[in-house]
Amino acid sequence: MFQSVDDVIQKLGQQDYICGKDIATVVYLAAKLEKPVLVEGPAGVGKTELAKVVARATGRPLIRLQCYEGLDEAKALYEWEYSKQLLYTQILKEKFAETMAGATTLRDAAERVGREDSVFFSDRFIVPRPLLRAISADEPSLLLIDEVDKSDPEFEAFLLEVLSDFQVTVPEVGTLEAKHRPLAFLTSNDAREMSDALKRRCLHLYIDFPDEELELRILETRVPGIEQRLAEELVSVMQRLRKLDLKKTPSISETLDWARALLALNARELGEELINDTLNVILKYEGDIKKTQGEIGRLIARRSTGGESEGGDTGASESPAPSSPPAPPASSVKRGVLH
Amino acid sequence: MQQKIIAFANLLRKSGMRVSVAESLDAFVALDELSIGDREIFKDALRCTMVKRSDDIPTFNELFDRYWSAFYDQLREAFEQAGENAGDALDIEALLRAVEQGMEQLPPGSLDLSELAKVLLSQDLNALEQLIRQAAREAGTEKIENMLQIGFFTRRTMEQLGSEGTGEQLRSLAGQLRESGLSDAEADALLAMFERFMEALRRSVRNYTERELEQHNFDYMEKFRRESLLEKSFYNLSEEEIRKMREVVARLAQRIKNVLSIRKRRLKRGKLDLRTMLRRNAGHGGVPFELLFRERRKDRPKLVILCDVSSSVANVSRFMMQFMYSLQECFTKIRCFVFVSELGEVTPVFKDKDINDAITKALDGGDVINVYTRSNFGQAFHIFWRDHLAAIDNKTTVLVLGDARNNYNDPRAWCLRDIHNKARDVLWLNPESPSAWGFGDSVMDKYLPHVDVAEECRNLKQLSKIVDRLLL
Ligand SMILES: Nc1ncnc2c1ncn2[C@@H]1O[C@H](COP(=O)(O)OP(=O)(O)O)[C@@H](O)[C@H]1O
Ligand SMILES: [Mg+2]
Numbered sequence: 367m368f369q370s371v372d373d374v375i376q377k378l379g380q381q382d383y384i385c386g387k388d389i390a391t392v393v394y395l396a397a398k399l400e401k402p403v404l405v406e407g408p409a410g411v412g413k414t415e416l417a418k419v420v421a422r423a424t425g426r427p428l429i430r431l432q433c434y435e436g437l438d439e440a441k442a443l444y445e446w447e448y449s450k451q452l453l454y455t456q457i458l459k460e461k462f463a464e465t466m467a468g469a470t471t472l473r474d475a476a477e478r479v480g481r482e483d484s485v486f487f488s489d490r491f492i493v494p495r496p497l498l499r500a501i502s503a504d505e506p507s508l509l510l511i512d513e514v515d516k517s518d519p520e521f522e523a524f525l526l527e528v529l530s531d532f533q534v535t536v537p538e539v540g541t542l543e544a545k546h547r548p549l550a551f552l553t554s555n556d557a558r559e560m561s562d563a564l565k566r567r568c569l570h571l572y573i574d575f576p577d578e579e580l581e582l583r584i585l586e587t588r589v590p591g592i593e594q595r596l597a598e599e600l601v602s603v604m605q606r607l608r609k610l611d612l613k614k615t616p617s618i619s620e621t622l623d624w625a626r627a628l629l630a631l632n633a634r635e636l637g638e639e640l641i642n643d644t645l646n647v648i649l650k651y652e653g654d655i656k657k658t659q660g661e662i663g664r665l666i667a668r669r670s671t672g673g674e675s676e677g678g679d680t681g682a683s684e685s686p687a688p689s690s691p692p693a694p695p696a697s698s699v700k701r702g703v704l705h
Numbered sequence: 112m113q114q115k116i117i118a119f120a121n122l123l124r125k126s127g128m129r130v131s132v133a134e135s136l137d138a139f140v141a142l143d144e145l146s147i148g149d150r151e152i153f154k155d156a157l158r159c160t161m162v163k164r165s166d167d168i169p170t171f172n173e174l175f176d177r178y179w180s181a182f183y184d185q186l187r188e189a190f191e192q193a194g195e196n197a198g199d200a201l202d203i204e205a206l207l208r209a210v211e212q213g214m215e216q217l218p219p220g221s222l223d224l225s226e227l228a229k230v231l232l233s234q235d236l237n238a239l240e241q242l243i244r245q246a247a248r249e250a251g252t253e254k255i256e257n258m259l260q261i262g263f264f265t266r267r268t269m270e271q272l273g274s275e276g277t278g279e280q281l282r283s284l285a286g287q288l289r290e291s292g293l294s295d296a297e298a299d300a301l302l303a304m305f306e307r308f309m310e311a312l313r314r315s316v317r318n319y320t321e322r323e324l325e326q327h328n329f330d331y332m333e334k335f336r337r338e339s340l341l342e343k344s345f346y347n348l349s350e351e352e353i354r355k356m357r358e359v360v361a362r363l364a365q366r367i368k369n370v371l372s373i374r375k376r377r378l379k380r381g382k383l384d385l386r387t388m389l390r391r392n393a394g395h396g397g398v399p400f401e402l403l404f405r406e407r408r409k410d411r412p413k414l415v416i417l418c419d420v421s422s423s424v425a426n427v428s429r430f431m432m433q434f435m436y437s438l439q440e441c442f443t444k445i446r447c448f449v450f451v452s453e454l455g456e457v458t459p460v461f462k463d464k465d466i467n468d469a470i471t472k473a474l475d476g477g478d479v480i481n482v483y484t485r486s487n488f489g490q491a492f493h494i495f496w497r498d499h500l501a502a503i504d505n506k507t508t509v510l511v512l513g514d515a516r517n518n519y520n521d522p523r524a525w526c527l528r529d530i531h532n533k534a535r536d537v538l539w540l541n542p543e544s545p546s547a548w549g550f551g552d553s554v555m556d557k558y559l560p561h562v563d564v565a566e567e568c569r570n571l572k573q574l575s576k577i578v579d580r581l582l583l
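Written out as structure tokens, the structure reads:
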């Protein structure tokens, strides 16, 4: 499927998904080891998108199970198609009459009907839901179990069984086993912690907010019309915004929304006033907007001193703002050794 | 390599992570699939197989760097220095090549080099790292506990490495090479270089021993830090510490929500709704093509929280408010009240403000209630009874957070009784231990008959146990 970690980076890149080695390594291993991946991280950092692009990059059909509170087995696995069963009984009424002919007691009649059970409880009348579709698919598929943290703990236990061997038992029909193990991605916004058992079964990927460089690349890929200068300003503001203690920290999706909004407004640079007017695109809570409005000066400060001069907050800012800690040195240890 | 990974997994466990055996095995399998020459990929592979909680990632990163890179880097540095010091005339590469050629000409069997000597001559630092680790293991270095033992374990490791014998072998090798045609200058340089190798080796082993000690202390500190925060009484928490607990508390809140919602979910679906079904299917000659189930009412649990914010329990209440705030973020049907002797609702304050502002505001009382009075639980319950009893129904869980120290006021337990009668259940978390309940001005004993679950809750560990117990 993928030749190497670099191959993953490249193939996802062709689908406009920009990622580093961290994400690519997990995707590569998931494909190699046929293990499900649990993707966690804040909302809007590209968890769902990752599963979608892996499907596209590998040419696998995407089968999506969206989780919600109250989701149960019937909705996730299969349901009997009751009305079709009934229709058949109506059509086959006469046939039934034949079967019943000679039955003397009610019990006898019921027995005879019972013997025909298998006619009505066969795959013909099963409505497959996403999990069963993934298991019975004729070609290898990609199963996306989205926002699994929203499902109930009992459902998680059920999911665990399915994910462990990709086979399910339909009592009336028998055991169905996957012809091809689907590649499974589970995403979670961490609304609740998944059980240890589930986690043990999965590879774990944590996608955090991107660093400045990565975010810029994502922005330029996803909003191609944007001018570089505006893109840089915007990303720099977003990066600083994330350091504020907000109720809902804006994510990549907000960066993209904001960029598109600014494009629509024909904006060429990001001034204080413009930020003020468009904050509601990226912040959803009144409290967050208020808090940010007080900080706009600082969000765009230092940027205007011409070239990107790194190193030292030597600006004349008297504010006791805690100077953000310097980014950790890009620790690209170059040595290639380990045995 | 596998051993090294197992040891690393142990280290992770010692620092409080849950790494199962199956997960270490996954790590082996994963590494088989990768070219692990790339350190970044190697690290990601270990992480995604062994670390499953995002909270643990920073600790993992730190331990990884300590465990996997630092020592090798030091080793390389030490031996690079040893090579550089050779002076301009003789570079180490040329010298080693000369040794190689010379050795080929020596009569076979005339020298029997140890593993260590071979590794030093070939400057294969990876192999050297392995040798040192193995020797250190045999020397029992991982048991090191204090600085005074550094010298001891360094010596023991050197002994295990057989360094003395190797030194001898190298010296005699230089001698033999001198006899078989190496110039005096070259031979002297060679001898000097061997000495420097041995010195670099000794320094590296010492460094390794120091690292082991550091690691030992590091685990210890980590554990200590975690446990202490868990076990520290709410009474003694600083604001900073409370903030640190924010995430843990948010998780607990979420778990409580799960509990309350599961307990309610008994039936898989609602009952068959015969009446509507027959009507709906009339068009099919009475054959019920469409089954109709009564919509099961969504049982959204309701939560009402009453939190004591009197100054005697200032830090406790700061913490409890944080808990309350987190709960509010999980539940849609929740109402939060604070009291000292008056009672005021803070639900809207919590909704609009971010956590710190909200708590400060509620604690300051200000527009909510006067907090600078003495606690009067009886009065607070009475006010709640008078103004809000109607809001309680049989789906409501009432949670009281407070010490029940009533300053000898009338407890008015009957108010709580009435609340209890209407509510689904009443839970009480008290920061004092049960042995103090009912003594002095504590009226906890008066309230107990009207409470379904009452627990001592003085630190995070207890709170999390309580949440666990509710889970069952
Ligand atoms: N690495 C990335 N490369 C390209 N686009 C991305 C990337 N990460 C996120 N996005 C974009 O951000 C948006 C939000 O992603 P989504 O997958 O919905 O987030 P999540 O599922 O984590 O909440 C999507 O529109 C996606 O296109
Ligand atoms: Mg999503």
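Top line first, the protein sequences correspond to chains S and C. 705 is the number that the working numbering gives the last residue of the first sequence; the numbers go up by one with no jumps. 583 is the number that the working numbering gives the last residue of the second sequence; the numbers go up by one with no jumps. Backbone N, C-alpha and C define an ideal beta-carbon position, used for all residues, glycine too.
Compare the C-beta of residue i with all C-beta atoms of chain S and state if any pair is closer than 8 Å.
| i | result |
| --- | --- |
| GLN365/C | yes |
| THR277/C | no |
| VAL457/C | no |
| ILE168/C | yes |
| GLU134/C | yes |
| PHE261/C | As written in the sequence, residue 261/C is Ile, which differs from the Phe given in the question. False, the Cβ-Cβ gap to chain S never drops below 8 Å. |
| SER315/C | no |
| ASP155/C | yes |
| VAL140/C | yes |
| ARG362/C | yes |
| VAL162/C | yes |
| GLU215/C | no |
| GLU151/C | yes |
| SER131/C | yes |
Compare the C-beta of residue i with all C-beta atoms of chain C and state if any pair is closer than 8 Å.
| i | result |
| --- | --- |
| VAL392/S | yes |
| ALA550/S | no |
According to DSSP, is residue i helix, strand or coil?
| i | result |
| --- | --- |
| GLY540/S | strand |
| LEU628/S | helix |
| ASN481/C | coil |
| TRP179/C | helix |
| GLU635/S | coil |
| ARG164/C | coil |
| THR615/S | coil |
| ARG129/C | coil |
| GLU684/S | A caution first: GLU684/S carries a pLDDT of 41, below 50, which makes its placement in the model too unreliable to give a value. |
| LYS398/S | helix |
| ASP468/C | helix |
| LYS413/C | strand |
| ASP137/C | helix |
| ASP536/C | strand |
| THR470/S | coil |
| THR391/S | helix |
| THR443/C | coil |
According to DSSP, which residues form a beta bridge with residue i?
| i | result |
| --- | --- |
| HIS570/S | LEU404/S |
| CYS418/C | VAL449/C, LEU512/C |
| PRO494/S | TYR444/S |
| SER89/C | Limits of chain C in this structure are 112 at one end and 583 at the other, which puts residue 89/C out of reach. |
| GLY660/S | Answer by DSSP bridge pairing: none, since GLY660/S is not bridged. |
| VAL411/S | In the DSSP output, where bridge partners are listed per residue, VAL411/S has none listed. |
| ASN541/C | GLU567/C |
| GLU456/C | PHE448/C |
| ARG430/S | LEU510/S |
**Report entry** Those runs of the alpha helix (DSSP H) which lie wholly inside the segment 213–275 of chain C and span at least 4 residues
**Finding:** 226–233, 236–250, 261–272
Query raised in the report: Could you give the uninterrupted runs of the beta strand (DSSP E) lying entirely in the segment 501–561 of chain S, keeping only those of 3 residues or more?
Result: 508–512, 533–536, 540–543, 549–554
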